[in-house]
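A.B. asks: To start, I am sharing the structure in question, which I have written as structure tokens.
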């Protein structure tokens, strides 16, 4: 028996997706939830450490020590991390991270976090494993990842 053609397989997949809109909606919702657990916008995630109303969104690449870790007031399921540069300048900033982003392995005061500026915003990763745990996205990138209703 000959192997089914790729076109036939594509048609079958499209028919199945059209026949099961509830499942497609559920899948899209799950994918959206998974993606948002480890990313957020720069404007909502980063502020200067003085809690002033002027929010400085620029963060230098480098190693930062967790100097304070607490629940974020007024933000359910969010942690507030105060990070201090592990360098003589000792720059500080606050990072708001969804609790779920650290569910696999929590951070503690004294842990070292690496910050890297990327085209999409900032990557925050554990210094010991170099595994990213959070992405702070610039507005144009965040907009591209926002959930949208898709009609089939």
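Numbering (mature numbering (1 follows the signal peptide of the UniProt record, and there is no 0)), first residue to last: -24 to -1, 1 to 128. From the three backbone atoms N, C-alpha and C, an ideal C-beta is built for every residue, glycine too.
#1: According to DSSP, what are the bridge partners of residue 96?
#2: Let me make sure I understand the geometry here. Which of 46, 86, 54, 114 has the alpha-carbon closest to that of residue 61?
#3: Hey, how far is the Cα of residue 36 from the Cα of residue 50?
#4: Helix, strand or coil for residue 74? Go by DSSP, reduced to three states.
#5: Buried or exposed for residue 105, going by 16 or more other Cβ atoms inside 10 Å?
#6: When the Cα atoms are used, what is the spatial distance from residue 73 to residue 56?
#7: Measure the CB-CB distance between residue 71 and residue 59 and report whether it falls below 8 Å.
#8: Quick one: using the 10 Å Cβ neighbour count with 16 as the cut-off for buried, is residue 22 buried or exposed?
#9: Measure how close the beta-carbons of residue 113 and residue 15 come, nearest whole angstrom, since I'm counting them as under 8 Å.
#10: Under a Cβ-count criterion, where at least 16 other Cβ atoms within 10 Å of its own Cβ denotes burial, should residue 128 be classed as buried or exposed?
#11: Skipping 5 residues on each side, what residues in its chain have a beta carbon closer than 6 Å to that of residue 93?
#12: Compare the C-alpha of residue 81 against each of 90, 98, 107, 48 and name the closest.
C.D. replies: Inspection of the coordinates gives the following:
#1: BP columns for residue 96 are empty, so no partner.
#2: That would be 86, whose Cα lies nearest to the Cα of residue 61.
#3: Residue 36 and residue 50: Cα-Cα distance of roughly 27 Å.
#4: Three-state DSSP puts residue 74 in a strand.
#5: Around the C-beta of residue 105, fewer than 16 other C-beta atoms lie within 10 Å, and the residue is accordingly described as exposed.
#6: About 7 Å.
#7: Yes, these two residues count as a Cβ contact at 8 Å.
#8: A buried status is given to residue 22, since no fewer than 16 other beta-carbon atoms sit within 10 Å of its beta-carbon.
#9: Indeed they touch by this definition, with Cβ atoms about 6 Å apart.
#10: It counts as exposed.
#11: So the list reads 37, once near-sequence residues are dropped.
#12: Among 90, 98, 107, 48, the Cα nearest to that of residue 81 is on 107.
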